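Undergrad: In the working numbering, the protein residues as written are 9 to 278.
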Amino acid sequence: MRNTESFAHLLDIMDQLREKCPWDREQSMATLRPLTIEETYELSDAILQQNMNDVCKELGDILLHIVFYAKIGEEQQSFTIDEVINKLCDKLIYRHPHVFGEKQVKHAGEVIQNWEQLKTKEKDGNKSVLSGVPDAMPSLIKAYRMQDKARAVGFDWEERTQVWDKVAEELSELKAEFERGDSDKAEQELGDFLFSVVNAARLYGLNPDTALERTNQKFKKRFAYLEAETLQKGRQLKDMILDEMNEIWEKAKTMSDYEDFAFRQECHAR
9 MRNTESFAHL
19 LDIMDQLREK
29 CPWDREQSMA
39 TLRPLTIEET
49 YELSDAILQQ
59 NMNDVCKELG
69 DILLHIVFYA
79 KIGEEQQSFT
89 IDEVINKLCD
99 KLIYRHPHVF
109 GEKQVKHAGE
119 VIQNWEQLKT
129 KEKDGNKSVL
139 SGVPDAMPSL
149 IKAYRMQDKA
159 RAVGFDWEER
169 TQVWDKVAEE
179 LSELKAEFER
189 GDSDKAEQEL
199 GDFLFSVVNA
209 ARLYGLNPDT
219 ALERTNQKFK
229 KRFAYLEAET
239 LQKGRQLKDM
249 ILDEMNEIWE
259 KAKTMSDYED
269 FAFRQECHAR
């Protein structure tokens, strides 16, 4: 059973905060924007960590921001929370004719194709396939989304294995520019190479942003282990040679999911 009372309660709280709290009263869409970005990243962290308690909490924070923007919109007589919700409902129904209409689809790929095509037909919708990709989106995610949107209208490799020739080609061109020493051209080729790797990941059903973040976290844990082991020996990393650091690094790689890492840190702190 959906609890509409809880949402109404949230709207009442927002009204009171906007009226009675000095901080909430001073906020604008511009001041909320960076906070909303931060909350979105916190939700992303919780999802990656598969922490459902934190996912629930962070979803609440983002919902608060949505209600806050709607409240400001209402004060400016621009829009209300009802308009936000109704426009969303209308859009979902319009873009799912296979659910709310007579259209038939065979698989999820057809749903995506229909979705992109319908977006360009909407009165306030995107006028081109890629216009819905925000300029401010992080580059890695943006590359993936642009490629995915292009695929939705048929602009893609016929066979996914073909992408490896492109990856090899871009890598060869990148190496050549590095050897020539032209930093500007090398930067362009580096972008082309990364774009081709993102394409390969997409074609094989992997999200490059998620993959890179897993590696980031792995590196972070291994480096923390390296630091902790070095301090235990009464030394500093800057005083060690690379071979010594690599020896500890290899040990960190063999630790199964770093199950004893927290315990070892605790021991070192004593």
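A virtual CB, placed ideally from N, CA and C, is assigned to each residue, including glycine. Because the structure is a prediction, the values reported are computed rather than measured.
Classify ALA144: buried if its beta carbon has 16 or more other beta carbons within 10 angstroms, exposed otherwise.
TA: Residue 144 sits at position 136 when you count from the first residue of the sequence shown. So ALA144 counts as exposed.
Undergrad: Between the alpha carbons of SER139 and ARG153, how many angstroms are there, rounded?
TA: In the sequence shown, the residue the question calls residue 139 occupies position 131. In the sequence shown, the residue the question calls residue 153 occupies position 145. Looking at the two C-alpha atoms, the distance is approximately 11 Å.
Undergrad: I need the DSSP call for ARG103, collapsed to helix, strand or coil.
TA: Position 95 of the sequence shown, counted from the first residue, corresponds to residue 103. Coil at ARG103, not helix or strand.
Undergrad: Does the count of Cβ pairs from the stretch 196-204 and the stretch 166-185 closer than 8 Å reach three?
TA: Yes, the stretch 196-204 touches the stretch 166-185.
Undergrad: From the DSSP output, in three-state form, read off GLN196 for me.
TA: Here residue 196 is taken as the residue at index 188 of the sequence shown, counted from 1. Of the three classes helix, strand and coil, the one that applies to GLN196 here is helix, per DSSP.
Undergrad: Just curious, the alpha helix (DSSP H) that MET253 is in, first and last residue?
TA: Along the sequence shown, read from residue 1 onward, the residue named residue 253 stands at position 245. Residues 250-262.
Undergrad: Going by other Cβ atoms of all chains shown within 10 Å of its Cβ, with 16 needed for buried, is GLN125 buried or exposed?
TA: In the sequence shown, the residue the question calls residue 125 occupies position 117. Result: exposed.
Undergrad: In three-state terms, what does DSSP make of PHE15?
TA: Counted from its first residue, the sequence shown places residue 15 at position 7. In this structure, PHE15 counts as helix in the three-state DSSP scheme.
Undergrad: With distances taken between CB atoms, is the gap from LEU51 to VAL63 smaller than 8 Å?
TA: The sequence position of residue 51 within the sequence shown is 43, counting from 1. The sequence position of residue 63 within the sequence shown is 55, counting from 1. In contact: LEU51 and VAL63 (Cβ atoms closer than 8 Å).
Undergrad: Once the 5 residues before and after LEU18 are set aside, which same chain residues still bring their CB inside 8 Å of it?
TA: Numbered from its first residue, the sequence shown carries residue 18 at position 10. Around LEU18: LEU71, LEU72 and VAL75.
Undergrad: What residue range does the alpha helix (DSSP H) around SER147 cover?
TA: Within the sequence shown, residue 147 is the residue found at index 139, counting from 1. 147-160 is the span of the alpha helix (DSSP H), which, as asked, contains SER147.
Undergrad: Kindly give me the distance between the Cβ atoms of GLY69 and GLU47, rounded to whole angstroms, as I take these residues to be in contact under 8 Å.
TA: Residue numbering aside, residue 69 sits at position 61 when the sequence shown is read from its first letter. Residue numbering aside, residue 47 sits at position 39 when the sequence shown is read from its first letter. In the sequence on display, residue 69 carries Asp and not Gly. Contact flag correct, Cβ pair sits at about 5 Å.
Undergrad: Measure how close the beta-carbons of ARG230 and ALA194 come, nearest whole angstrom, since I'm counting them as under 8 Å.
TA: Position 222 of the sequence shown, counted from the first residue, corresponds to residue 230. Position 186 of the sequence shown, counted from the first residue, corresponds to residue 194. Not really, about 29 Å apart at Cβ, beyond 8 Å.
Undergrad: Using three-state DSSP, classify CYS97 as helix, strand or coil.
TA: Numbered from 1 along the sequence shown, position 89 holds the residue referred to as residue 97. Looking at CYS97 - three-state DSSP - the assignment turns out to be helix.
Undergrad: By DSSP, does LEU214 sit in helix, in strand, or in coil?
TA: Taking the sequence shown and counting its residues from 1, the one referred to as residue 214 is at position 206. Coil.
Undergrad: How about LYS129 and VAL141: are their beta carbons less than 8 Å apart?
TA: For the purposes of this step, residue 129 is identified with residue 121 of the sequence shown, where counting begins at 1. For the purposes of this step, residue 141 is identified with residue 133 of the sequence shown, where counting begins at 1. Cβ distance not < 8 Å, so LYS129 and VAL141 don't count as in contact.
Undergrad: At what residues does the alpha helix (DSSP H) containing LEU245 begin and finish?
TA: What you label residue 245 is simply residue 237 of the sequence shown in a count that begins at 1. Run containing LEU245: none; DSSP gives neither H nor E here.
Undergrad: When the Cα atoms are used, what is the spatial distance from LEU245 to GLU235?
TA: Position 237 of the sequence shown, counting from 1, holds the residue named residue 245. Position 227 of the sequence shown, counting from 1, holds the residue named residue 235. Cα-Cα distance, rounded: 7 Å.
Undergrad: Going along the chain, which residues of its own chain have a beta-carbon closer than 6 Å to the beta-carbon of PHE227, five neighbours each way excluded?
TA: On the sequence shown, residue 227 is found 219 positions in, with the first residue counted as 1. No residues qualify anywhere along the chain.
Undergrad: Taking 8 Å as the cut-off, decide whether the C-beta atoms of ALA208 and TRP172 are in contact.
TA: Looking up residue 208 in the sequence shown gives position 200. Looking up residue 172 in the sequence shown gives position 164. Taking 8 Å as the Cβ cut-off, ALA208 and TRP172 qualify as a contacting pair.
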